[in-house]
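Just so we're aligned, residue 1 is where the sequence shown starts under the UniProt record's numbering, counting upward by one. By construction, the Cβ of each residue, glycine as well, lies at the ideal position given by its N, Cα and C atoms.
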Amino acid sequence: MVHLLGLVWDDRFLEISFSHPMIRDMSKQRIRKFIESARKNLSLIEIAPEPAVEEVLKEVHTEEYVKSLKEVSKIPYIGFLDSGDTVHYPGIYEDVLLVVGSSLTAIARSKYIDQIYVPLGGFHHALPGRAMGFCPVNDVAIAVKRLIRSGEKVAIVDVDAHHGNGLQEILYRDPVLKINIFAYNGVFFPGTGKIEERGEGEGANLNYNIGLPLGSGDDVFEESLSFLDVVKDFSPSYVVVVAGVDGMRNDNLASLSLTPHSFYMLGKKIEKMQRELSFKVIGYGGGGYGECSHLGMLAFLAGLSRLSLTSVGIDNVKTITDSSTLIEARKRMDKLRRS
Ligand SMILES: [Zn+2]
């Protein structure tokens, strides 16, 4: 059986980026290249998003912060929402409502479509009271809170190059399984994501931080995917995947050394578990700031769709990690397994 794959799409996505002015064009280009290649290579059901309403933002964000987002949206020039990463621009508030609405539309349509992908989404750094790391709003946290409230059991697989600090903080005490695979050396943005942070209260032992050494290649990434096996014991009704592709080699925010192969393996692994456990999948495009970022997104969807990489026009090559980085990566993963 092949699952139906839905794509939340609005042409306005081509113009939306909350990234630093230096890489805004790059992040818009990624979405443009993605939609062109996805339409050409995949079988998709396109779904038009409904914008969210203000009250929805307040399900995660503070009243004051939502008010300030509305205010800056009226300022007629580009400025920063935080200390120099996340921009505001005229009309950003309406764009935020469209982004969050995309998640809500995905949830609504997931009753009928098993896999839904939101290419412009996965803003996992935003905190309740402030923007962070190109993320003015935490669309994933809003979606997950909604799902929990409607009685769903949710697992999050967040594989962006950057630790999903906002998601972890907002959901740390919630009964949500959270698996984070990211680049970590204690300094690389956002600098959070210690192995020892395993969750608290109803979230105790449900938080997994798999911080890979910078420079890790596809072989290390594939080994880290073994942590996804805990999804089987958790037996969720929804798996929310932030499939950020900024860990690809040649990304402008250099971190890991991944190729589309890693995201293909991620998609395949999720799809295989989905066949066994019958959960719904909501996937997000996350970050990606390189010429070839869209290929990581396409590879992830090829994996979810049980297609080969070559059938979507991607060479199946793998990067191999140097031995000292590999040893360090395995040491960290062993430590997490023992914790
Ligand atoms: Zn990122």
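Query raised in the report: Among residues of its own chain, excluding the 5 on either side of isoleucine 31, which ones have a beta-carbon nearer than 7 angstroms to its beta-carbon?
Result: Stepping through the sequence shown from its first residue, residue 31 is reached at position 31. Excluding positions up to five away in sequence, the list reads Phe13, Leu14, Pro119 and Leu120.
Query raised in the report: Three-state secondary structure (DSSP) at aspartate 251?
Result: In the sequence shown, residue 251 corresponds to position 251, counting from 1. Aspartate 251: coil per DSSP, three-state reduction.
**Report entry** Expected contact under 8 angstroms - CB spacing of histidine 3 and glutamate 276 to nearest Å
**Finding:** What you label residue 3 is simply residue 3 of the sequence shown in a count that begins at 1. What you label residue 276 is simply residue 276 of the sequence shown in a count that begins at 1. That pair is no contact at about 13 angstroms.
Report task. Measure the C-alpha to C-alpha separation of histidine 162 and tyrosine 112 and round it to an integer number of angstroms. Result -> Residue 162 sits at position 162 when you count from the first residue of the sequence shown. Residue 112 sits at position 112 when you count from the first residue of the sequence shown. Each residue's Cα considered, the two are about 32 angstroms apart.
Query raised in the report: Taking buried to mean at least 16 other C-beta atoms within 10 Å of its own C-beta, is serine 150 buried or exposed?
Result: Here residue 150 refers to the residue found at position 150 when the sequence shown is read from its first residue. Classification of serine 150: exposed, given that the 10 Å Cβ count is below 16.
Report task. Say yes only if the C-beta of aspartate 139 is nearer than 7 angstroms to one or more non-hydrogen atoms of ligand 1, and no if none qualify. Result -> Residue numbering aside, residue 139 sits at position 139 when the sequence shown is read from its first letter. No, ligand 1 has no heavy atom inside 7 angstroms of this Cβ.
Query raised in the report: Does DSSP put isoleucine 314 in a helix, a strand or coil?
Result: Taking the first residue of the sequence shown as 1, we reach residue 314 at position 314. Isoleucine 314 falls in the coil class under three-state DSSP.
**Report entry** C-alpha distance - glutamate 152 paired with glycine 201, whole-angstrom precision
**Finding:** Taking the first residue of the sequence shown as position 1, residue 152 is located at position 152. Taking the first residue of the sequence shown as position 1, residue 201 is located at position 201. Cα-Cα distance, rounded: 19 angstroms.
Report task. Identify whether asparagine 207 lies in helix, strand or coil by the three-state DSSP scheme. Result -> Your numbering for residue 207 matches position 207 in the sequence shown. Strand at asparagine 207.
**Report entry** Range of the contiguous alpha helix (DSSP H) that encloses leucine 97
**Finding:** On the sequence shown, residue 97 is found 97 positions in, with the first residue counted as 1. It spans 92–109 - the alpha helix (DSSP H) in which leucine 97 sits, taken as one unbroken run.
Requested in this report: Compute the Euclidean distance between the alpha carbons of lysine 335 and isoleucine 195, then round it to the nearest angstrom.
Outcome: Here residue 335 refers to the residue found at position 335 when the sequence shown is read from its first residue. Here residue 195 refers to the residue found at position 195 when the sequence shown is read from its first residue. Going by the C-alpha atoms only, they are around 8 angstroms apart.
Query raised in the report: Got a sec? Which residues, its chain only, sit under 6 angstroms from asparagine 250 by beta carbon, not counting five neighbours each side?
Result: For this step, residue 250 is matched to residue 250 along the sequence shown. Only Gly290 meet the Cβ criterion.
Query raised in the report: Among all residues, which have a Cβ less than 5 angstroms from at least one non-hydrogen atom of ligand 1, and in what chain order do they fall?
Result: Asp160, Ala161, His162, Gly244, Asp246 and Gly287
Query - Proximity winner among Met333, Thr321 and Lys269, relative to glycine 303 (alpha-carbon distances) - result: Numbered from 1 along the sequence shown, position 303 holds the residue referred to as residue 303. Taking only the C-alpha atoms, the option nearest glycine 303 is Lys269.
**Report entry** Run of the beta strand (DSSP E) containing isoleucine 45, from where it starts to where it stops
**Finding:** The residue you call residue 45 lines up with position 45 of the sequence shown. Looking at the DSSP string, the run of the beta strand (DSSP E) that includes isoleucine 45 is 45–47.
Query raised in the report: Who pairs with arginine 130 in a beta bridge, going by DSSP?
Result: Numbered from 1 along the sequence shown, position 130 holds the residue referred to as residue 130. DSSP, once it has assigned bridges, lists Leu127 as partnering arginine 130.
**Report entry** Buried/exposed call for arginine 130, threshold 16 Cβ in 10 Å
**Finding:** The residue you call residue 130 lines up with position 130 of the sequence shown. When all chains shown are included, arginine 130 counts as buried.
**Report entry** Residue from Pro260, Gly287, Lys232 and Ile282 whose Cα sits closest to the Cα of aspartate 315
**Finding:** Stepping through the sequence shown from its first residue, residue 315 is reached at position 315. Cα-wise, what sits closest to aspartate 315 is Pro260.
**Report entry** Range of the contiguous alpha helix (DSSP H) that encloses aspartate 25
**Finding:** By one-based count along the sequence shown, residue 25 stands at place 25. From DSSP, the alpha helix (DSSP H) with aspartate 25 extends over 24–41.
Query - Distance CB(phenylalanine 134)-CB(histidine 61) smaller than 8 angstroms - result: Your numbering for residue 134 matches position 134 in the sequence shown. Your numbering for residue 61 matches position 61 in the sequence shown. No.
Report task. Tell me the start and end of each unbroken alpha helix (DSSP H) in the region 287–332 that is at least 4 residues and wholly inside, in chain order. Result -> 293–304
Query raised in the report: Which first and last residues belong to the beta strand (DSSP E) in which asparagine 185 is found?
Result: Taking the sequence shown and counting its residues from 1, one reaches residue 185 at position 185. Per DSSP, asparagine 185 belongs to no beta strand (DSSP E) and is neither H nor E.
Query raised in the report: For histidine 88, does the three-state DSSP call read helix, strand or coil?
Result: As a working mapping, residue 88 is identified with position 88 in the sequence shown. Correct three-state label for histidine 88: strand.
Requested in this report: Less than 8 angstroms between the CB atoms is what I'm expecting for aspartate 160 and glycine 122, so what's the real figure, rounded?
Outcome: Walking along the sequence shown from the start, residue 160 turns up at place 160. Walking along the sequence shown from the start, residue 122 turns up at place 122. Right, their Cβ atoms sit about 7 angstroms apart.
Report task. Check alanine 155 in the structure and name its three-state DSSP category. Result -> By 1-based counting over the sequence shown, the position of residue 155 is 155. Strand at alanine 155.
**Report entry** Alpha-carbon to alpha-carbon, methionine 297 and serine 27
**Finding:** To locate residue 27, count along the sequence shown from 1; it is residue 27. To locate residue 297, count along the sequence shown from 1; it is residue 297. Rounded to whole angstroms, serine 27 to methionine 297 spans 13 angstroms at the Cα level.
Report task. With a threshold of 16 other CB atoms inside 10 Å of the CB of isoleucine 35, please say whether the residue is buried or exposed. Result -> The residue you call residue 35 lines up with position 35 of the sequence shown. Under this definition isoleucine 35 is a buried residue.
Query raised in the report: On the three-pair Cβ rule with 8 angstroms, is the region 327–334 touching the region 211–226?
Result: yes
Query raised in the report: Is it right to say valine 281 is buried, meaning 16 or more other beta carbons lie within 10 angstroms of its own, or is it exposed?
Result: For the purposes of this step, residue 281 is taken as residue 281 along the sequence shown, with counting starting at 1. It counts as buried.
Query - serine 102 to isoleucine 92 span [Cα, whole Å] - result: Taking the first residue of the sequence shown as 1, we reach residue 102 at position 102. Taking the first residue of the sequence shown as 1, we reach residue 92 at position 92. The alpha-carbon atoms of serine 102 and isoleucine 92 are separated by roughly 15 angstroms.
Query raised in the report: Hey, would you say asparagine 165 sits closer than 8 angstroms to proline 136, going by beta carbons?
Result: As a first step, residue 165 must be located in the sequence shown, where it is residue number 165. As a first step, residue 136 must be located in the sequence shown, where it is residue number 136. No, they are not a contact pair.
Query raised in the report: Which of the three DSSP states, helix, strand or coil, is assigned to lysine 280?
Result: Your numbering for residue 280 matches position 280 in the sequence shown. DSSP places lysine 280 in strand when its eight states are reduced to three.
Query raised in the report: How about leucine 97 and histidine 88: do their beta carbons lie closer than 8 angstroms?
Result: Position 97 of the sequence shown, counted from the first residue, corresponds to residue 97. Position 88 of the sequence shown, counted from the first residue, corresponds to residue 88. No. Outside cutoff.
Query - Close Cβ partners of serine 110 (< 7 angstroms) along its chain, the five nearest in sequence each way excluded - result: Residue numbering aside, residue 110 sits at position 110 when the sequence shown is read from its first letter. Here the set comprises Ile116, Lys280 and Ile282.
Query raised in the report: What's the call for isoleucine 327, buried or exposed, on a 16-neighbour Cβ count within 10 Å?
Result: Your numbering for residue 327 matches position 327 in the sequence shown. Flag for isoleucine 327 reads exposed.
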